[in-house]
Amino acid sequence: MPFFPLSQFLRRLWALDTFPYSLRIFIALSTTMAVGWELDEMALVMPIFLGTIASALAETDDNWRGRLHALLVTLLCFTLAAFTVQYLFPHPWLFPCALVLATFCLTMLGAISPRYQAIAYGTLILSIYTTIGMDQRGGSASAFWLEPMLLVGGAAWYGLLSVLWCACFPHQPVQQNLAQLYRVLGDYLRLKASLFEPVRGINQEVKRLALAQRNGTVVNALNTAKESILNRLEAAPSRPLQHYLRLYFIAQEVHERASSSHSPYSELTDTFFHSDVLFRCQRLLTLQGNSCNRLARAILLRQPVREDSAGSQALQDLQDSLTHLEGHQLAHTAAWQRLLAPLRALAKNLGTLQARLARASQPEDNTEPQDDSLLDRSPQSLREAVDRVRLQLTPSAPLFRHALRLSIALAVGYGLLHWVHARQGYWILLTTVFVCQQSFGATRKRMAQRITGTLLGLVAGWALFRLFPSLLLQSMFAVAAGVVFFSTRTRRYMLATAAMTLLVLLSFNQLGDGYQLIVPRMVDTLLGSLIAGLAVFLVLPDWQGRRMHVVAARTLTTCHAYLREIMAQYQTSKRDDLAYRLARRNAHNADAALSTALSNLFQEPGFLQGRGDSGLRFLLLSHTLLNYLSALGAHRETLAEATGDTPTAQAADHAQRVLEQLASSLANSQRQAPADVSEPALLEMLQRTPDDAPPAQRVVHTQLALIYQLLPQLRVQAEQLLQLDSKPAV
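Per this note's numbering, residue 3 is the first one in the sequence shown, and the count goes up by one each step.
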């Protein structure tokens, strides 16, 4: 019994997503440092450290075979890059030309897939690490092959650890990504519950905007979990992987049902203010969010889910409240009776959502057939990979602009370090690579974090030099700093920068150079950050406001495809096949991309933020449209009864045409076609559904009517975006 708390602590530590990464880094750095001390060759430690860091930066989530293949490609690229830099470094004119060309080509390789993007990024980092090593040795090493082989050796050592880890613990990343998915789903459900708060006078638009932004987090988690599972699928997937695939599909359905909207929330609040039905909905959604968090914890700790009867009781309370309302509907207003049908659909949706969450915590049931195929977005041939790069070779492509921008920034940095004869000047290039991002907002944020983190790291390094003069202790601190860097670099970049600065200072101090690096490191960071900031501002700036209409067009295009897939299943009954899931995921990805674009827009200079208000209003409308579509998709199992309903099919076809036309006008910056004269008649038909109509027809008519009511507002905001885009560029 006394060991139980320790075992729980170790289990929770093992479940942390940064722990495996940090442990591998600790093993790689500590063994390197130990060997350096044992052989008394501390001058060789820093290049190996840098190679280890570059290899870790190039690491991607994969199975052990995929990781081994990626490692071999990475080591080949690293070797070529290191020896090329070693050969060209003494030539002050030839080297910058090669650096600019290599930077552009390596950045463009990111168009192929995230795996090649990581390898290319790591190769570029290692190239600059090679120049730093050459600069430290006065332009030449003791042997031509020594510096490159030390860098590649460090990369190979960490890569070997990574491959072995993937082979020993193949499903650990899947567990962590699925747990993160259910965790953010829980947050989304609790935020959605706040929309049902039965209080008048609340600004619903603020909550809806927050929900749209939170939806982007859920979409990113879904994509990450899907790629993690796909990278491990083989001809005969293992039983644990089949279980995780099942949990992923359940999360997809939970997301669709959670993002559904059956009626404007303000109407529900005003109409049912004196009833407890909205409170019941709010409580049930909150408990379902808590269930997602319990499921996430169970996945991480590989424990059974603790049963909780509160959710089932809350569902029963909601159904009893709704039954009470239905028993007294004759005494209520027309608005009350009109909203009872959407309220029934909402209760049914929440009941199914509760059942899906309960199913996720139960043993697998193979009696229900399901299409478990996943779309592999990686290139399937060399020709396809080349085509992906070729399609990005245009000034309108953000990746092309970033590649050109970064290349010019490095050329300017190289010229500057030679012009001012900067000490340790190649840190300018490294800072520029780390700071320069595709968007201005991300670059500005990274600049502040980089400068502040560097200053903190230098102060901490100076303090450790004075407090702990022992080189052995300093080497231990260096290893610890490396672990901190990799455990925080994706979430707390300022702390990660401080840790990396401390690692560099302590490592170079093993050779007696630590104090001499403090001032040059700060100056180089300031210069490199300034160059990156000016490059993003001046060289083909990718202002989000000037392409907002294109991003908005993408959201309507994907919503049109999503509606088409839904109505196709309305004719043939529900099936969660790949085509439907792809249309649903594309719609949510486009919604998340619009939210991200707006977030970046509000970090840009003030003269460009005038487009932000129109963009926010469009996001609210497009996300509401997606909510209505999600509700329509969530009830597909009941739609088969309405097969052959010609007026319904006509209304759906017209809505699809309008969305397609709006998307086309936005994408091509063209004026919209006038609204069809038949639109009011179709809306009236949808709103006058007979009381004795089948439940399927009522659901479809209600959701299509809500979509029709959005179309005029979408037209207005689309026109507003086009008018803003037509203004002269500042």
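Just so you know, even glycine gets a beta-carbon here, dropped at the ideal spot from N, CA and C. Since the model is a prediction, treat every value here as computed from it, not as a measurement.
Candidates the options: closest to residue i by CA position
i	options	result
L341	L529, H264 and A104	H264
L247	S230, S268 and R523	S230
Q177	L111, I301 and A343	I301
V481	L600, L25 and R14	L25
F436	Q426, R452, L78 and L685	R452
L18	L180, Q382 and Q119	L180
K194	L320, L352 and W95	L352
L631	Q705, R523, L289 and V461	Q705
T626	W167, Q711 and L31	Q711
A450	L475, L529 and T396	L529
A399	R549, Y416, K447 and A462	R549
L536	L408, L82 and V220	L408
L77	D42, L128 and V307	L128
S323	R346, V307, S311 and R304	R346
L661	C438, G608 and A589	A589
V461	R446, V388, Y517 and V552	Y517
T325	A343, R308, D310 and V221	A343
P306	A357, E149, R361 and L355	R361
I50	L622, S380 and F80	F80
Q747	S624, V538, H551 and L634	With the chain covering only 3 through 732, there is no way to say anything about residue 747.
V521	I430, I410 and N591	I430
S531	R673, G455 and V221	G455
Beta-carbon proximity of residue i to residue j, cut-off 8 angstroms
i	j	result
M136	Q88	yes
A298	Y184	yes
T62	G156	no
A84	L153	yes
L211	L716	no
G188	G291	yes
L419	V256	no
T490	L497	yes
R192	T288	yes
L508	Q476	yes
A554	L668	yes
G459	T499	yes
L623	G614	no
A411	I533	yes
P200	F281	yes
Burial state of residue i, where buried means 16 or more other Cβ atoms lie within 10 Å
i	result
L664	buried
N217	buried
D526	buried
D593	buried
S680	exposed
T645	In this prediction, T645 has a pLDDT of 49, which is less than 50 and means its spatial position is unreliable; nothing more can be read from the coordinates.
W421	exposed
A158	buried
P4	Low local confidence applies: a pLDDT of 45 at P4 is under 50, so the model's placement there is unreliable, with the coordinate-based value given in what follows. Flag for P4 reads exposed.
T492	exposed
A501	buried
T559	buried
A675	exposed
S441	buried
S671	exposed
N205	exposed
E686	exposed
Host alpha helix (DSSP H) of residue i (start-end)
i	result
E149	L148 to C170
R379	That residue, R379, is in no alpha helix (DSSP H); it is neither H nor E in DSSP.
E229	Q206 to L232
I50	V47 to L59
V176	Q174 to A195
D593	L580 to L603
V437	Y428 to V437
N511	Y495 to N511
W545	W545 -> no alpha helix (DSSP H), and no H or E assigned at all.
E567	M550 to T574
V422	Where V422 is concerned, there is no enclosing alpha helix (DSSP H), given that its DSSP letter is neither H nor E.
P242	R241 to A260
R2	Here the chain covers residues 3 to 732 and nothing more, so residue 2 does not appear.
E681	E681 to Q689
F442	F442 to L469
D137	P116 to Q138
Proximity test, Cβ basis, 8 angstroms: residue i and chain B
i	result
W16	In the structure shown, chain B cannot be found, because there is only a single protein chain.
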